[in-house]
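Have a look at the structure below, then the notes.
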Amino acid sequence: QYEETNPLGYYGHLDIPDGEGGLKKVGIQRIHLEEDTGKLMHLPNGGSGVDYNRAGVPLMEIVSGFPPDINTPVEAREYLVRLRQTLLYLGVCDGKMQEGSLRCEPNISVRPADQEKLGTKTELKNLNSFTSVFKGVEFERERQIAELESGGTINQETRGWNEKEERSYLMRIKEHEQDYRYFTDPDLMPMEFTEEYIESLRATIPELPVAKMMRYQTDLGLKPVDADQLARDPDWAAFFESAIDAGGSAREICVWMNGDFQKKLNETGQGASVTGSHAEGRKVSRITPKHLVELTQMIEKGAISGKIGKEVFEDAFSTGEMPSEIVKAKGLTQISDAGAIKDVVKDVLNENPAQVQQYLSGKEGLIGFLVGQVMKKTQGRANPPLVKEALMDLLEEMK
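Right, here's the structure in full:
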């Protein structure tokens with residue numbers, strides 16, 4: 308499938324964030340079908356073995372365009388991140404790079420700043436992580452520049468990547484395309500697809516991650532970094548949107564998902580899902596979108612404080628109980644009665660005469676200490692704005 312229009316797909320592109328709030332198109336020259344041949348196993352004694360267990364298994368090769376649109380190691384990593392996300396959203400790859408489900412083989416070349424033509428390229432084989440792609444491209448760029456500046460030349464060669472030493476090494480030299488022994492497979496039948504069939508397939512494509520990320524920013528008012536984090540995984544994005552559909556505030560749900568919830572998932576190795584199963588086979592958290600909606604609405608209405616909210620969330624994560632049930636069982640409802648709060652504030656002022664005098668003498672930063680004492684006395688249940696308001700009123704009367 309090597310010739311210009313024989314592959315399954317050609318002349319495409321992938322959008323990646325340009326780092327300035329916009330998008331950059333990275334051309335895709337072709338997508339073609341190959342067969343896996345084998346896997347090199349590098350042995351501790353320095354030798355290598357070949358595992359033919361996957362020989363003949365079909366694989367999809369995606370070749371970015373030339374001249375390249377990727378100009379930096381950061382863009383190379385970003386392209387791979389977005390490509391993996393797209394494949395996950397389409398359901399055609401599990402994206403487990405550590406298991407070989409997705410590999411990257413960047414071709415790197417450099418040129419003087421005042422020249423248009425790129426120099427001779429080298430290829431790094433079988434990189435299986437975003438970090439390896441970034442570091443590999445960065446190393447090759449610096450190696451090639453140093454070689455040229457010292458008067459040397461760059462050979463067109465295939466290089467391996469030493470993960471431990473973070474350096475590339477020569478595997479084999481290929482001077483011309485003919486060295487690859489390309490030839491058209493006579494057993495592959497030509498395939499033609501009608502526009503109607505292509506459009507029918509296009510109609511089945513879900514909203515892809517970059518488009519979803521941009522929508523979260525424009526329609527929901529989320530910051531780019533938050534929108535990006537929510538859109539990166541299809542299960543994570545589905546969880547977020549399910550919470551919004553259930554009446555949650557986009558910004559508040561975003562804060563909890565990208566903060567406390569993500570932290571707990573990382574600590575426990577669990578995943579979030581609205582279907583009851585996780586794409587990566589991880590145990591699914593007991594937290595559902597309704598948990599977060601109920602929790603954020605209770606905080607927003609002043610039924611509980613943000614601090615109590617964190618305590619309630621911890622319990623809900625462990626037990627699966629709804630936040631309202633936990634609050635009721637533990638008596639955690641926020642105290643919002645102005646009279647009751649004022650009585651506690653009076654007690655705190657009477658118990659801390661030295662700090663009161665310091666405040667009245669001009670050390671206004673002590674208001675935070677006094678607020679903290681009220682919150683401690685009420686076990687975090689007092690409404691913080693009402694506490695501060697009562698303190699300011701009573702302190703003003705004492706001047």
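My numbering runs 307 ahead of the 1-based position in the sequence shown.
Built from N, CA and C at the ideal position, the CB exists for glycine as well.
Model, not experiment: these values are computed from the prediction.
- Would you give the residue range spanned by the beta strand (DSSP E) that S355 belongs to? Mapped onto the sequence shown, residue 355 falls at position 48. Per DSSP, S355 belongs to the beta strand (DSSP E) from 355–358.
- Task: Just list the alpha helix (DSSP H) runs in the stretch 647–698, keeping only unbroken ones of 4 residues or longer that don't cross its boundaries, in chain order.
- Result: 660–667, 674–684
- Item | Coil, strand or helix - P365 by DSSP | For the purposes of this step, residue 365 is identified with residue 58 of the sequence shown, where counting begins at 1. P365 falls in the strand class under three-state DSSP.
- Item | For N414, the residue or residues it bridges with in DSSP | Reading the sequence shown from its first residue, position 107 is the one you call residue 414. For N414, which the question treats as bridged, DSSP gives the partners E430.
- Inspect the beta-carbon positions of G372 and V333 and report whether they are closer than 9 Å. Taking the first residue of the sequence shown as position 1, residue 372 is located at position 65. Taking the first residue of the sequence shown as position 1, residue 333 is located at position 26. In contact: G372 and V333 (Cβ atoms closer than 9 Å).
- Please say whether L673 and M718 have beta carbons closer to each other than 9 Å? Past the edges of the chain, shown from 308 to 706, lies residue 718, and the structure says nothing about it.
- Message: Given a cut-off of 9 Å on the beta-carbon distance, is the pair T603 and S556 in contact?
- Response: For this step, residue 603 is matched to residue 296 along the sequence shown. For this step, residue 556 is matched to residue 249 along the sequence shown. Going by C-beta atoms, T603 is nearer than 9 Å to S556.
- Query: Apart from the five residues just before and just after R384, which ones in its own chain have a Cβ nearer than 6 Å to its Cβ?
  - Reply: Counting from one through the sequence shown, the residue named residue 384 turns up at place 77. Excluding sequence neighbours, R384 sits near F437, V440, F441.
- Message: Do L395 and N435 count as a contact pair if the criterion is CB distance below 9 Å?
- Response: Indexing the sequence shown from 1 puts residue 435 at position 128. Indexing the sequence shown from 1 puts residue 395 at position 88. Not closer than 9 Å, so no.
- Just reading off the beta strand (DSSP E) that P351 is part of, what are its end residues? Within the sequence shown, residue 351 is the residue found at index 44, counting from 1. No beta strand (DSSP E) holds P351; DSSP gives it neither H nor E.
- Give the secondary structure of H598 by DSSP, where H, G and I count as helix, E and B as strand, and everything else as coil. Position 291 of the sequence shown, counted from the first residue, corresponds to residue 598. If DSSP states are grouped into helix, strand and coil, H598 belongs with the helices.
- For I452, which of helix, strand or coil comes out of DSSP? Stepping through the sequence shown from its first residue, residue 452 is reached at position 145. Here I452 sits in helix by DSSP.
- Message: Tell me which residue opens and which closes the beta strand (DSSP E) that S475 is part of.
- Response: To locate residue 475, count along the sequence shown from 1; it is residue 168. First-last of the beta strand (DSSP E) with S475: 474–480.
- Query: Are the stretch 386–406 and the stretch 344–361 in contact at 8 Å, needing three or more beta carbon pairs?
  - Reply: no
- Task: State the DSSP-derived secondary structure class of Y523, mapped to helix, strand or coil.
- Result: As a position in the sequence shown, residue 523 is number 216, starting the count at 1. It is helical.
- Mark Y666 as exposed unless 16 or more other C-beta atoms lie within 10 angstroms of its C-beta, in which case mark it buried. Indexing the sequence shown from 1 puts residue 666 at position 359. That one is buried.
- Which one or two residues does DSSP pair with L330 in a beta bridge? Position 23 of the sequence shown holds residue 330. Partner(s): P324.
- Message: Let me check understanding here. Comparing Cα to Cα, which of I615, V663, R450, M498 lies closest to P314?
- Response: Within the sequence shown, numbered from 1, the residue matching residue 314 stands at position 7. Minimum Cα distance to P314 is reached at M498.
- Message: Need the endpoints of the alpha helix (DSSP H) that N435 sits in, please.
- Response: Position 128 of the sequence shown holds residue 435. N435 -> no alpha helix (DSSP H), and no H or E assigned at all.
- Item | Every unbroken alpha helix (DSSP H) inside the stretch 525–587 [4 residues or more] | 531–538, 541–552, 557–563, 569–575
- Query: What residue from D401, N433, R479, D343 has the CA that sits closest to N469's CA?
  - Reply: Walking along the sequence shown from the start, residue 469 turns up at place 162. The option with the nearest alpha carbon to N469 is N433.
- Task: Please look up how many angstroms separate the CB atoms of W543 and A579, rounded, as I've assumed it's under 8 Å.
- Result: Within the sequence shown, numbered from 1, the residue matching residue 543 stands at position 236. Within the sequence shown, numbered from 1, the residue matching residue 579 stands at position 272. That pair is a contact at about 6 Å.
- Task: Compute the Euclidean distance between the alpha carbons of D644 and E703, then round it to the nearest angstrom.
- Result: For the purposes of this step, residue 644 is identified with residue 337 of the sequence shown, where counting begins at 1. For the purposes of this step, residue 703 is identified with residue 396 of the sequence shown, where counting begins at 1. When rounded, the distance between both Cα atoms is 21 Å.
- Task: Quick one: give me the first and last residue of the beta strand (DSSP E) that T465 is part of.
- Result: Numbered from 1 along the sequence shown, position 158 holds the residue referred to as residue 465. T465 -> beta strand (DSSP E) spans 464–469.
- Query: Using DSSP with H/G/I as helix, E/B as strand and the rest coil, what is V399?
  - Reply: Stepping through the sequence shown from its first residue, residue 399 is reached at position 92. It is coil, neither helix nor strand.
- Query: Is it a yes or a no for the stretch 493–512 touching the stretch 452–471, going by three-plus beta-carbon pairs under 8 Å?
  - Reply: no
- Message: Please classify I560 as buried or exposed, where buried requires at least 16 neighbouring CB atoms within 10 angstroms.
- Response: Counted from its first residue, the sequence shown places residue 560 at position 253. So I560 counts as buried.
- Compute the distance between the beta-carbons of L639 and E618, then report whether it is under 9 Å. Locating residue 639 in the sequence shown gives position 332, where the first residue counts as 1. Locating residue 618 in the sequence shown gives position 311, where the first residue counts as 1. In this structure, E618 lies closer than 9 Å to L639 by Cβ.
- Item | Cutoff 6 Å; reference T393; Cβ partners in own chain excluding five residues on either side | On the sequence shown, residue 393 is found 86 positions in, with the first residue counted as 1. The residues are L515.
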